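This report refers to the structure that appears directly beneath it.
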Amino acid sequence: MTSKEIKKYNLILEIGRTDPTSEKMIELIISLAGVDFQTAVDMWEFIMGKYEDLLSKQETSYNLEGRVFAGLSGVSDTKLKQLITDNAPLLKLIYGNAATAGTGANLSFLVQIILASKIEKADEILKHIATNKNKNMEFGDRMKIIVDEVFNQQCQKAGTKVPTLNRRQTMLLLEYALKIKGPNKNLLVQRIKELQ
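In our numbering, each number is its position in the sequence shown, counted from 1, plus 72.
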């Protein structure tokens, strides 16, 4: 066994023994990413699954999802996007279970998918967000953040003040805006329809 393999397995063991709300958890997963990125993402999925019932708590979710997502993205944004995109269980944990769904690094990831017109993948993620039962933020509030960020990033990218989305992007956002129950529904539906 090489010293790299020994380091990898020692990190895996230590991650398994570490409190999910501790700073050390992030450091360990990021260290593992430096040794073996695929294994780090696998361990991230494993740990989030292990503490799935705690992901509804803001502190645990911020630590296990938000900070780890941002840290892994910092190690290799390209690899992370490749590994997350086709990992349905991990997407469900991030967007369907975590209290931090639709914020931070996972928000940026979703917006990039929408703006790249990967509509089927964006639809899968938005379905998870729509079924996320965390009480700290309602679906309408999450959708408002998502739509605002899509509009902002598209305007920055195009160098305009008014966003322009293609028909599929617009219809996707409209479909989910119509599912909102509450005050954000009419506002978002109107803003999205103005793009057509």
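Positions of the beta carbon are idealized from the N, C-alpha and C atoms, including for glycine. Here the structure is a predicted model, which means the values were calculated and not measured.
Of the listed residues VAL219, SER145, MET73, GLU117, nearest to LEU162 (C-alpha basis): GLU117
Below 9 Å between beta carbons: does that hold for ALA202 and VAL147? no
Open item on the list: Between the alpha carbons of ASN270 and PRO92, how many angstroms are there, rounded?
Closed with: Shown here, the chain extends from 73 to 268; a query on residue 270 therefore has no answer.
**Prompt:** CB LEU246 to CB ILE218, shorter than 9 Å?
**Reply:** no
_Between which two residues does the alpha helix (DSSP H) holding TYR167 run?_
Neither: TYR167 is in no alpha helix (DSSP H) and is coded neither H nor E.
*Take the Cβ of GLU137 as the centre, count every other Cβ of all protein chains shown within 10 Å, and call the residue buried at 16 or more, exposed below.*
buried
### Message
On the DSSP letters alone, give me the boundaries of the alpha helix (DSSP H) that LEU260 sits inside.
### Response
256–265
Measure the alpha-carbon distance for TYR248 versus LEU198 and round it to whole angstroms.
7 Å
Practice prompt. Answer with buried or exposed for PRO270, where buried requires no fewer than 16 other C-beta atoms within 10 angstroms of its C-beta.
Written response: In this structure the chain extends from 73 to 268, so residue 270 is not present and cannot be described.
Exercise for review: To the nearest angstrom, report how far apart LYS251 and LYS80 are at their CA atoms.
Suggested key: 44 Å
- For SER180, which three-state DSSP category applies? helix
Label GLN110 either buried or exposed according to how many other C-beta atoms from any shown protein chain fall within 10 Å of its C-beta, with 16 as the threshold for buried. exposed
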